[in-house]
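Colleague: Residue numbers for the first sequence follow the working numbering, so the first one is 571 and each next one is one higher.
Quick reminder that beta carbons are idealized off the backbone N, C-alpha and C, glycines included.
Given the structure is predicted, the values throughout are model-derived calculations rather than measurements.
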Amino acid sequence: MTITTRFPPSPTGMMHIGNARTALFNWLYARHTGGKFLIRIEDTDRARHSEEAVQVILDGLAWLGLAYDNMPESQFANKQRHIDVANDLLAKGMAYKCYCSPEELSEMREQAKVEGRPTAYDRRWRDRDASEAPDGIEPVIRIKAKLDGYMTVNDQVQGDVKVAYNHLDDMIILRSDGTPTYMLAVVVDDHDMGITHVMRGDDHLNNTFRQNLIYEAMGWEKPIYAHLPLIHGPDGAKLSKRHGAVGIREFQELGYLPETMRNYLLKLGWAHGDNEIISTEEAIKLFDFNGIGKSAAKFDYAKLENLNAHYMNEADNERLIDLLSPFLKTHHDIILTDIGLKRLMAGMDELKERAKTLVDLAAEATLFLNTPSEYSEKAQKQLNGGTLDTLKNLSNIFEKLTKLTTEAVDEACRSYANEKLEGKLGKVMMPLRAALTGTDKSPNLTVMVAILGKEETISRIQSAIEYIEKQ
RNA sequence: GUCCCGUUCGUCUAGGGGUCUAGGACACCGCCCUUUCACGGCGGCAACACGGGUUCAAAUCCCGUACGGGACGCCA
571 MTITTRFPPS
581 PTGMMHIGNA
591 RTALFNWLYA
601 RHTGGKFLIR
611 IEDTDRARHS
621 EEAVQVILDG
631 LAWLGLAYDN
641 MPESQFANKQ
651 RHIDVANDLL
661 AKGMAYKCYC
671 SPEELSEMRE
681 QAKVEGRPTA
691 YDRRWRDRDA
701 SEAPDGIEPV
711 IRIKAKLDGY
721 MTVNDQVQGD
731 VKVAYNHLDD
741 MIILRSDGTP
751 TYMLAVVVDD
761 HDMGITHVMR
771 GDDHLNNTFR
781 QNLIYEAMGW
791 EKPIYAHLPL
801 IHGPDGAKLS
811 KRHGAVGIRE
821 FQELGYLPET
831 MRNYLLKLGW
841 AHGDNEIIST
851 EEAIKLFDFN
861 GIGKSAAKFD
871 YAKLENLNAH
881 YMNEADNERL
891 IDLLSPFLKT
901 HHDIILTDIG
911 LKRLMAGMDE
921 LKERAKTLVD
931 LAAEATLFLN
941 TPSEYSEKAQ
951 KQLNGGTLDT
961 LKNLSNIFEK
971 LTKLTTEAVD
981 EACRSYANEK
991 LEGKLGKVMM
1001 PLRAALTGTD
1011 KSPNLTVMVA
1021 ILGKEETISR
1031 IQSAIEYIEK
1041 Q
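1) As a quick exercise: from Leu953, Ile611, Ile765, Ile909, pick the residue whose alpha carbon is nearest that of Ile1035.
2) DSSP three-state call for Gly817: helix, strand or coil?
3) Under three-state DSSP, which class holds Gly917?
4) Count the other CB atoms, across all protein chains shown, that sit within 10 Å of the CB of Asp759; report buried if there are 16 or more and exposed otherwise.
5) Quick check on this structure: which residue in Ile627, Ala987, Val684 has the alpha carbon closest to the alpha carbon of Arg819?
6) For the beta strand (DSSP E) holding Met763, just list the boundary residues, first then last.
7) Can you look up His586 in the DSSP assignment and give me helix, strand or coil?
8) Going along the chain, which residues of its own chain have a beta-carbon closer than 6 Å to the beta-carbon of Ala796, five neighbours each way excluded?
9) Tell me the DSSP secondary structure of Glu643 in three-state form.
10) Taking only runs that begin and end inside the segment 959-995, name each unbroken beta strand (DSSP E) of 3 or more residues, in chain order.
11) Could you tell me which of Phe897, Ala593, Ile848, Ala872 sits nearest to Glu884, measuring between CA atoms?
12) Closer than 8 Å by C-beta to Thr975: which residues in its own chain qualify, once you throw out the five before and the five after it? Chain order, please.
13) What does a CB cutoff of less than 6 Å around Thr1016 pick up in its chain, not counting 5 residues either side in sequence?
14) Which whole runs of the beta strand (DSSP E) in the segment 687-764 are 3 residues long or more, in chain order?
15) Express the C-alpha separation of Glu934 and Ser580 in angstroms, rounding to a whole number.
16) With a threshold of 16 other CB atoms inside 10 Å of the CB of Ala593, please say whether the residue is buried or exposed.
17) Confirm, please, whether the CB-CB distance from Pro799 to Asp772 is below 8 Å.
18) Take Lys951 as the anchor and find which of Val624, Ile905, Leu738, Arg1003 has the nearest alpha-carbon.
19) Helix, strand or coil: which one does DSSP assign to Thr592?
20) Going by DSSP, what residue range makes up the beta strand (DSSP E) through Leu608?
21) Please state if the CB of Leu890 and the CB of Lys912 are separated by a distance shorter than 8 Å.
22) DSSP three-state label for Tyr666, please.
23) I'd like to confirm the pairing. Which residues does DSSP put opposite Gln769 in its beta bridges?
24) Among the residues of its own chain, which have a CB less than 7 Å from the CB of Leu824, if the five just before and after it don't count?
25) Which one or two residues does DSSP pair with Thr560 in a beta bridge?
26) Taking all protein chains shown into account, do 16 or more other C-beta atoms lie within 10 angstroms of the C-beta of Gly1008, making it buried, or fewer, making it exposed?
27) Under 8 Å, do Leu809 and Gly588 count as touching if we go by C-beta distance?
28) Buried or exposed for Ser1012, please, with buried defined as at least 16 other CB atoms from any protein chain shown within 10 angstroms of its CB.
29) Leu838 lies in the alpha helix (DSSP H); which residues open and close that run?
30) CA-CA distance, Asn640 and Ala755?
31) Where does Asn657 land, buried or exposed, given buried means 16+ other C-beta within 10 angstroms?
32) Check whether the segment 700-719 touches the segment 741-752, taking contact to mean three or more Cβ pairs, one atom from each stretch, closer than 8 Å.
33) Is DSSP giving Lys811 helix, strand or coil here?
34) Given that a residue counts as buried once 16 or more other Cβ atoms are within 10 Å of its Cβ, and exposed if not, what is Glu829?
35) Buried or exposed for Pro793, please, with buried defined as at least 16 other CB atoms from any protein chain shown within 10 angstroms of its CB.
36) For Lys868, which residues does DSSP report across the bridge?
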């Protein structure tokens, strides 16, 4: 049998990082075993459903590079099949009609709470005859759970987990309006799609027992389960918006690379010895249930950033420039010209080594693309009467050089420092940095000068000289 | 309240009875490199939740306690 995993998101308008990890693990396992990875959209809640919301999920998967092996299936489309199964169960006596109104049920739960009993449905209609049904109430269909013994789930992550059958309630499988519930739909779809391995969040562990009731009643083979611990925020609570970015789209917009996310998410809850940097190819080779941890992990934004710096540094220059374009546009309102493109290509080795995210990279790239429009406070301190001569002299020296290569610039700056400034290179470089970039931090200046070229370099120095003279 | 799960440095984790004076990574601190910032190099700080067992020997196995998390919908 081909190993088949699945990712069944409900279209909520965003793809939570936790779901992204679930998708990644399922994808990895399918690739590792040479099996299949299927997508199913859990869109049975029609009120909340929208095409855009579905697209957000699909976009997220595409960005992460998780290709699936089917046409994304709609759970809603399988509605009739779910209903048929419910009726089948009813006919077999494995399910029954319950005529409780929602009000009656909540009353029952209230009462149970007060008395300290479990709040599960008390099976009051399990053995009653339909003739006792009150008027005007459309029944729901509930599954009949066994009353004795225990169900054991051999979870690939959690180990053997045992629950008494009588703790499982007779859950609703078909609503009073005739629509199937999630519990029924997942089981039927997973079975029909030939899902062999169900990997999902820990929060579904309890559901597993109830869902297994359906597998057992239908005589279907149950899948192998693996329940992943949840991802928490720094404060230990379920990761949510108040902790910072949680949607995969947000991470994209913050300038993280997909390979970073894959590596980080993989390591969050899965480990292979001391390996930290794991390529996707390696991950496919190594991924297994053994490496999955049992406890919830806190999301660490600092570590993510560090990893991203690593992958940025490794990334291909042309690809980085492609990825950078939208950031230049949205953050700096820059559209790359031919000259800009050339400068970035020349400076990318220098730039990418320094940046942690594409947002950082865009900001630094700006130094190559834009003439400074203002000088930062620290830059202003470098531009005064004391450095005016230095800048004027540098301008002349650069003017006379036939070609501003890194070596030539370096040589010129050093000998100027030796002759006029007691060998203090910083006294040459810091004013030059301020003049060229408008800041006190920048990539290697000799590289910058070489990339900017004679005309642009001298023009920027001249602007700084004018600025000083106006003071 | 009921049921289920978890607990190793601040964080992610390695560890599956002796090799653990508990290893790695991020963060933090210090030094070096250096024209700045960053990178890089070197070094440092820092953890087996607690209490009982089992055993010659426990971070590793068992039980309990505490704490944390999750589930208890005609949502998915």
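Modeller: On the basis of the data shown:
1) Leu953
2) strand
3) helix
4) buried
5) Ile627
6) Note, Met763: premise wrong, no beta strand (DSSP E); not H, not E.
7) strand
8) Gln726, Val727, Met769, Phe859
9) strand
10) none
11) Ile848
12) Ala1020
13) Thr976, Val979, Asp980
14) 710-713, 720-725, 729-734, 742-744
15) 39 Å
16) buried
17) yes
18) Arg1003
19) helix
20) 606-611
21) no
22) strand
23) Strictly speaking, residue 769 in this sequence is Met, with Gln absent from that position. Bridge partners of Met769: Ala796.
24) Ala815, Thr927, Val929
25) Outside the displayed range of the chain (571 to 1041) lies residue 560, so it cannot be described from this structure.
26) buried
27) yes
28) buried
29) From DSSP, Leu838 is part of no alpha helix (DSSP H); its letter is neither H nor E.
30) 18 Å
31) exposed
32) yes
33) helix
34) buried
35) buried
36) His802
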